[in-house]
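A.B. asks: Let me begin by handing over the structure; questions about it come next.
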Amino acid sequence: MVLNTHQGSMLALSWRIIGLAALFALLLVGCAASEETAEGEKQSADQQALTNLVGGARPEVRQPSPEPTPGATEALLEDLRTENTGLKQKLMKMEQDMRGLTVRINETEARLLAEKERAEKAETTARSLAQPTSQARSAQPAGTGALTEASLAAYQDALTSFNNKQYDDAIARFQALLNSGVSVELADNCTYWIGESYFGKRNFREALPYFEKVLEFEGSPKLADAHYMIGQSHERLGDKAKAKASYEKVIKDFPVSGNVKRAKDRLAKL
1065 MVLNTHQGSM LALSWRIIGL AALFALLLVG CAASEETAEG EKQSADQQAL
1115 TNLVGGARPE VRQPSPEPTP GATEALLEDL RTENTGLKQK LMKMEQDMRG
1165 LTVRINETEA RLLAEKERAE KAETTARSLA QPTSQARSAQ PAGTGALTEA
1215 SLAAYQDALT SFNNKQYDDA IARFQALLNS GVSVELADNC TYWIGESYFG
1265 KRNFREALPY FEKVLEFEGS PKLADAHYMI GQSHERLGDK AKAKASYEKV
1315 IKDFPVSGNV KRAKDRLAKL
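Using the working numbering, read the sequence shown as starting at 1065 and increasing by one per residue.
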């Protein structure tokens, strides 16, 4: 009986050990499965993150713009042609304005230079006339009177009017001196300055015969000036051939005259 009781206890203990072993085995299997599941989930998460990263790094693919229709292209070309035409017209207008401005500047400079030169010549003439010369002139067409202080004063007054651009008054004063039978020392100068006065009024056709009249005074100090102004008058009247001939005569016959450089400059522009 005691043996049977001991055997029953051993049998119960064996079954308990077997149950614990089975339970332990089940726990091991469950832990392994849990670890595999966790590892699989981690790998899936890493793979998804990598996919997202690669997908985000891909360059954006732009859709090609639709090609313009023939009508839209033609309209665009027409707009460009219109704009181009407008720009060309503006450019032409600017060029015309610039040319006009350049012409006005050149004309102003030329007038100022001419006025300055005429004033300087007038002063030079006045100083030379203040010292009467004993050299006689032959075959003079005008001027038989004597050189007096009164005639010199009248001549100075006429020059003052000319220098002040009072051309009509200057013409009247110089003509009055000529009508009074002024001396030959003043007659050629009065004639010349009447021509200069008409030239200052831009009456070139009226000025021309007075400059030509000066050429009749043999040995006159105004000969070179007269030839140059004859060329100027012809040039302003549009006769380039006669203007050229006058300028060439200044250069050839009066090589030391101050008008030579001016004559060469005018020739270069004809």
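For glycine and all other residues, C-beta sits at the position ideal for the given N, C-alpha and C. Quick caveat, the model's predicted, so the values are computed rather than measured.
What residues in its chain sit with their C-beta under 6 Å from that of S1321, if we drop five residues either side in the sequence?
C.D. replies: As a working note, residue 1321 is residue 257 in the sequence shown. Once the five neighbours on either side are set aside, the close Cβ partners of S1321 are A1288.
A.B. asks: Pick helix, strand or coil for V1248, following the three-state DSSP scheme.
C.D. replies: The count along the sequence shown starts at 1 and reaches residue 1248 at position 184. Helix at V1248.
A.B. asks: Let me know the secondary structure DSSP gives S1284 once reduced to three states.
C.D. replies: Counting from one through the sequence shown, the residue named residue 1284 turns up at place 220. In the structure shown, S1284 sits in coil (DSSP, three-state: anything other than H, G, I, E or B).
A.B. asks: Output yes or no for whether 8 Å exceeds the beta carbon distance between V1335 and H1291.
C.D. replies: The chain is shown only over 1065 to 1334; residue 1335 falls outside these bounds and no answer can be derived.
A.B. asks: Report the three-state DSSP secondary structure of N1267 (helix, strand or coil).
C.D. replies: Translated into the one-based positions of the sequence shown, residue 1267 becomes position 203. Reduced to three states, the DSSP call for N1267 is coil.
A.B. asks: State yes or no: is the C-beta of Y1262 within less than 8 Å of the C-beta of A1271?
C.D. replies: The sequence position of residue 1262 within the sequence shown is 198, counting from 1. The sequence position of residue 1271 within the sequence shown is 207, counting from 1. A contact, by the Cβ cut-off of 8 Å.
A.B. asks: In whole angstroms, what separates the C-alpha of E1142 from that of L1331?
C.D. replies: In the sequence shown, residue 1142 corresponds to position 78, counting from 1. In the sequence shown, residue 1331 corresponds to position 267, counting from 1. Rounded to the nearest angstrom, the two C-alpha atoms are 50 Å apart.
A.B. asks: Between A1307 and L1334, which are expected to be in contact by the criterion C-beta below 8 Å, what is the C-beta distance as a whole number of angstroms?
C.D. replies: Position 243 of the sequence shown holds residue 1307. Position 270 of the sequence shown holds residue 1334. Confirmed, about 7 Å.
A.B. asks: Skipping 5 residues on each side, what residues in its chain have a beta carbon closer than 6 Å to that of F1238?
C.D. replies: As a first step, residue 1238 must be located in the sequence shown, where it is residue number 174. For F1238, where only same-chain residues beyond five positions count, the Cβ hits under 6 Å are A1222, C1254, W1257, I1258.
A.B. asks: I need the DSSP call for F1275, collapsed to helix, strand or coil.
C.D. replies: For the purposes of this step, residue 1275 is identified with residue 211 of the sequence shown, where counting begins at 1. Helix, per DSSP.
A.B. asks: Pick helix, strand or coil for P1319, following the three-state DSSP scheme.
C.D. replies: Looking up residue 1319 in the sequence shown gives position 255. Coil, per DSSP.
A.B. asks: Would DSSP call T1133 helix, strand or coil?
C.D. replies: The sequence position of residue 1133 within the sequence shown is 69, counting from 1. Looking at T1133 - three-state DSSP - the assignment turns out to be coil, as it is neither helix nor strand.
A.B. asks: From G1135 to R1145, what distance separates their C-alpha atoms?
C.D. replies: Against the sequence shown, residue 1135 aligns to sequence position 71. Against the sequence shown, residue 1145 aligns to sequence position 81. Rounded to whole angstroms, G1135 to R1145 spans 15 Å at the Cα level.
A.B. asks: Could you give the DSSP three-state label for T1149: helix, strand or coil?
C.D. replies: Residue 1149 sits at position 85 when you count from the first residue of the sequence shown. T1149: helix per DSSP, three-state reduction.
A.B. asks: Ordered along the chain, which non-local residues of its own chain (more than five positions away) have a Cβ less than 7 Å from that of S1225?
C.D. replies: Here the question's residue 1225 lines up with position 161 in the sequence shown. Cβ within range, chain order: D1233, A1234, R1237.
A.B. asks: What did DSSP end up calling D1233 once you bin it into helix, strand or coil?
C.D. replies: Locating residue 1233 in the sequence shown gives position 169, where the first residue counts as 1. Of the three classes helix, strand and coil, the one that applies to D1233 here is helix, per DSSP.
A.B. asks: On the criterion of 16 or more Cβ atoms from any shown chain inside 10 Å, does A1327 qualify as buried, or is it exposed?
C.D. replies: One-based indexing of the sequence shown puts residue 1327 at position 263. Buried, because 16 or more other Cβ atoms sit within 10 Å of the Cβ of A1327.
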